[in-house]
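Chains G and L, in that order, give the protein sequences.
With positions in the first sequence counted from 1, the corresponding number in my numbering is that position plus 6.
With positions in the second sequence counted from 1, the corresponding number in my numbering is that position plus 7.
Only one structure is covered here, and it is reproduced in the block below.
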Amino acid sequence: MSEIIELQEPVETGHQMRDEIRQISDRVRARRQIRSRIMVVLCGTAFLISAVPLVLLLFQLFDRGLPVVLHTSFYTQLPSTPTLISPNATGGVSNAIIGTLVLTLYASIMAIPVGVLVGVYLAESDSKLAASLRVISQTMAGAPSILMGLFAFSFVVRDLGIGFSALAGSFALAVLMLPVIIISSEIAVRGVPHTLREAGLALGAKPHKVSMKIVLPAAVTGIVTGIILAMSRAIGETAPVLLVIGGGYINSWKPLDPVAALPLSIYENAKSEWPSLRTEVWGIALVLVVFVFVLSLSARMWASRKQQAR
Amino acid sequence: MDQEFMAQVEAVVETPNEAPVRGTAAMQLKGVAVSFHGRTAVRDCTFDVTKNRVTSLIGPSGSGKTTLLRALNRLHDLTPGAKVAGQILLEGTDIYRGDITVTELRTRVGMVFQRPNPFPTMSIYENAVSGLRFNGIKKKSILDEAAEASLKSAALWDSVQGRLKVAASNLSGGEQQRLCIARALAMDPEVLLMDEPTSALDPIATLKIEELMTELKKRVTVIIVTHNMQQAARISDDCAFLLMGEDRAGELIEFETTEKIFNNPIDPRTLDYTLGRFG
């Protein structure tokens with residue numbers, strides 16, 4: 007009998023230990039699950055908090071903007087000038103749409119070639135000039151945008167005597183776009199593997215040919231993304247053009263004419279005392295948002311097609 | 008009696024050191040040393056690279072094989088602080104001080120890199136003729152001819168013939184490396200430098216490139232860096248063994264025919280290395 011009990015004892019303790027371990031591990035697991043749930047709830051709340059303003063904004067944008075933009079006259083007519091006799095005169099923002107396109111176009115023509123070339127130079131050169139150019143463009147990227155407007159006003163409008171014009175506005179926007187294009191081009195070019203450069207050099211290509219024929223094409227996706235980013239930013243800027251474009255009430259593509267711009271129209275309509283003009287604000291905003299959206303979407307599609315082709 | 012004895016001694020001493028029968032030198036290295044910011048990476052390299060032979064540079068990591076190879080087409084030129092001392096002669100012309108531009112040198116001394124690096128934005132065809140285009144050749148008939156000839160020499164023509172306009176990155180790793188060889192061959196170089204060209208490839212792709220090399224040496228002199236001793240033994244005719252010295256600078260231990268390096272080396276360290284005792 008006693009022998010049997012002795013034999014059973016260790017078996018018994020073994021069971022006890024196993025049960026105990028199981029209990030402890032159950033407790034640990036339960037604690038972990040609780041902690042995990044708390045974190046999930048916290049993350050979810052944070053997401054909701056950040057999503058709410060965005061959703062509200064989009065709702066407002068479409069709710070108040072859609073009724074405005076569904077009229078073709080909104081795109082084809084010049085702004086209405088309400089009077090006491092006809093306070094609800096409805097016009098359009100054709101001048102501001104054209105103005106924004108013109109400003110972005112001319113600004114891009116000015117900023118893209120210079121920006122890309124400077125970016126390539128910064129990536130390929132170790133000179134002191136490159137280092138100081140880099141510091142300058144980084145500082146410019148952080149400068150308040152009204153500064154570009156002030157600069158364009160004093161330099162283009164006043165000193166050069168060009169006057170309030172699309173050219174002055176696009177100059178301000180170009181100065182704003184420049185650092186963005188420079189920095190993103192430099193990053194894109196630096197991202198091109200060194201082995202490709204060496205492969206070009208080893209074939210007897212001169213360094214400038216290597217830059218233009220190998221490095222630049224390989225970096226083009228990144229460069230274009232940077233350009234689109236800069237353009238999207240320029241389209242929506244109010245401050246730089248505020249002082250210099252003159253707010254023209256005509257549809258004009260000419261660089262020396264005063265033009266209007268969508269963001270500026272939002273600003274001016276929003277502070278207007280006429281309710282009919284104030285209701286137009288959300289429509290203008292919607293057009294602006296669609297512009298930026300189409301721009302970045304086309305860039306993304308282009309980049310992914312380019313990527314697939316490789 | 009004395010004279011007879013001396014003659015016998017001389018005969019014994021002379022025979023093993025007798026230079027093997029070789030053709031003319033494509034490249035000659037005389038006391039070549041490469042340093043970066045004053046720190047020597049490799050030194051004391053003196054040997055002749057014979058025409059239409061495969062010369063391999065072997066040795067453990069850090070022995071300066073790749074550094075030495077990259078001095079032969081002046082690829083160190085763009086590295087800040089890099090300095091190449093000694094003389095490197097291509098057909099008798101000093102490539103650093105002689106009457107030859109760096110671009111001309113690189114068209115005459117081609118290079119294939121460790122990892123396949125075809126130009127990703129170019130098609131197979133464009134890759135093959137890229138070197139010619141960089142050097143200003145635009146005539147389509149010349150380019151077409153060069154593309155076909157170089158792709159054939161790189162044993163790639165049959166598999167890519169129908170898809171020359173396809174992006175080069177669609178090829179497999181081994182095919183990409185052969186495209187890089189074709190790209191270098193299109194320049195019709197005298198010397199082809201290969202920096203561990205098969206280290207990123209699978210055994211079958213490796214074998215294809217090795218077969219290619221024995222074919223290639225009929226028209227071009229090949230200098231290859233390899234980590235793989237069997238590869239050096241299989242494909243090279245001459246062999247330079249480098250080793251890292253006490254001050255961490257690589258130096259040439261022995262230059263001989265591959266057969267001698269592997270079977271009957273003069274320096275015991277060479278034997279230790281080829282037998283796999285270190286490295």
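We put the beta carbon where it would ideally sit given N, CA and C, even for glycine.
Anticipated Cβ contact below 8 Å, residue i with residue j, distance rounded
{"i": "S206(L)", "j": "Q121(L)", "result": "6 Å"}
{"i": "V265(G)", "j": "A172(G)", "result": "4 Å"}
{"i": "V126(G)", "j": "S191(G)", "result": "6 Å"}
{"i": "T228(L)", "j": "N59(L)", "result": "6 Å"}
{"i": "V198(G)", "j": "V221(G)", "result": "5 Å"}
{"i": "K212(G)", "j": "T110(L)", "result": "6 Å"}
Contact under 8 Å by Cβ, residue i with residue j
{"i": "A236(G)", "j": "M183(G)", "result": "yes"}
{"i": "M71(G)", "j": "W288(G)", "result": "The sequence shown places Gly at residue 71(G), not Met. A contact, by the Cβ cut-off of 8 Å."}
{"i": "N134(L)", "j": "A175(L)", "result": "yes"}
{"i": "G98(G)", "j": "P119(G)", "result": "no"}
{"i": "T281(L)", "j": "I260(L)", "result": "no"}
{"i": "A276(G)", "j": "S151(G)", "result": "no"}
{"i": "G121(G)", "j": "I187(G)", "result": "yes"}
{"i": "G117(L)", "j": "L171(L)", "result": "no"}
{"i": "W176(G)", "j": "L109(G)", "result": "Checking the displayed sequence, the identity of residue 176(G) turns out to be Ser instead of Trp. In this structure, L109(G) lies closer than 8 Å to S176(G) by Cβ."}
{"i": "E243(G)", "j": "L179(G)", "result": "yes"}
{"i": "D106(L)", "j": "T114(L)", "result": "no"}
{"i": "P125(L)", "j": "L219(L)", "result": "no"}
{"i": "I234(G)", "j": "S310(G)", "result": "no"}
{"i": "R140(G)", "j": "L123(G)", "result": "no"}
{"i": "I115(G)", "j": "L268(G)", "result": "no"}
{"i": "D245(L)", "j": "T264(L)", "result": "yes"}
{"i": "L240(G)", "j": "P185(G)", "result": "Here the sequence assigns Ala to residue 240(G), which means Leu is not the residue at that position. Result no, Cβ atoms of A240(G) and P185(G) do not sit closer than 8 Å."}
{"i": "L209(G)", "j": "A224(G)", "result": "no"}
{"i": "V173(L)", "j": "S130(L)", "result": "yes"}
{"i": "T47(L)", "j": "A40(L)", "result": "yes"}
Exposure of residue i, with buried meaning 16 or more beta-carbon neighbours within 10 Å
{"i": "C49(G)", "result": "exposed"}
{"i": "D165(G)", "result": "exposed"}
{"i": "V61(L)", "result": "buried"}
{"i": "Q238(L)", "result": "buried"}
{"i": "M34(L)", "result": "buried"}
{"i": "E204(G)", "result": "buried"}
{"i": "A36(G)", "result": "exposed"}
{"i": "G206(G)", "result": "buried"}
{"i": "S143(G)", "result": "buried"}
{"i": "D254(L)", "result": "exposed"}
{"i": "L139(L)", "result": "buried"}
{"i": "E152(L)", "result": "exposed"}
{"i": "L223(L)", "result": "buried"}
{"i": "D55(L)", "result": "buried"}
{"i": "I251(G)", "result": "buried"}
{"i": "V61(G)", "result": "exposed"}
{"i": "V58(G)", "result": "exposed"}
{"i": "I272(G)", "result": "buried"}
{"i": "F285(L)", "result": "exposed"}
Span of the beta strand (DSSP E) around residue i
{"i": "F262(L)", "result": "257-264"}
{"i": "F54(L)", "result": "46-57"}
{"i": "I65(L)", "result": "61-65"}
{"i": "G93(L)", "result": "89-97"}
{"i": "D195(L)", "result": "That residue, D195(L), is in no beta strand (DSSP E); it is neither H nor E in DSSP."}
{"i": "Q35(L)", "result": "32-43"}
{"i": "V116(L)", "result": "116-119"}
{"i": "I7(L)", "result": "For chain L, the structure presents residues 8 to 286; residue 7(L) sits outside this window and is missing."}
Contact set for residue i: own chain, Cβ-Cβ below 8 Å, skip 5 residues either direction
{"i": "I184(L)", "result": "Note that residue 184(L) corresponds to Gln in the displayed sequence, not to Ile. Hits under 8 Å: V119, P123, P204, T205, A207, L208, A212, I216."}
{"i": "Y255(G)", "result": "L84, P85, N101, A266"}
{"i": "D274(L)", "result": "F248, I260, E261"}
{"i": "L112(L)", "result": "N80, R81, L97, I102"}
{"i": "K37(L)", "result": "T53, G93, Q94, I95, L96"}
{"i": "A158(G)", "result": "A174, G175, F177, A178, V181, P246, L249, V250"}
Residues near residue i by beta carbon distance below 6 Å, same chain, minus five either side
{"i": "D202(L)", "result": "T73, L76, F120, Q121, V232"}
{"i": "Q257(L)", "result": "The sequence given here has Gly at residue 257(L), not Gln. Taken in chain order, the residues that qualify are V49, S70, G71, L249, M251."}
{"i": "S157(L)", "result": "A135, A189, L192, A193"}
{"i": "A154(L)", "result": "Y132, A135, V136"}
{"i": "V181(G)", "result": "M154"}
{"i": "K90(L)", "result": "S42"}
{"i": "M8(L)", "result": "With a pLDDT of only 48 at M8(L), under the threshold of 50, the placement of this residue in the model should not be trusted; the figure read from the coordinates follows. Contacts found: none."}
Chain-order list of residues whose beta-carbon lies under 7 Å from that of residue i (same chain, five-residue window excluded)
{"i": "L156(G)", "result": "L249"}
{"i": "N142(L)", "result": "T114"}
{"i": "Y112(G)", "result": "A172, L173, S176, P261"}
Endpoints, the alpha helix (DSSP H) within which residue i is located
{"i": "D279(L)", "result": "275-281"}
{"i": "F177(G)", "result": "172-196"}
{"i": "F126(L)", "result": "Unbroken run through F126(L): none, as it is neither H nor E."}
Under 7 Å from the C-beta of residue i: neighbouring residues of chain B
{"i": "S137(L)", "result": "No chain B is part of this structure, whose protein chains are labelled G and L."}
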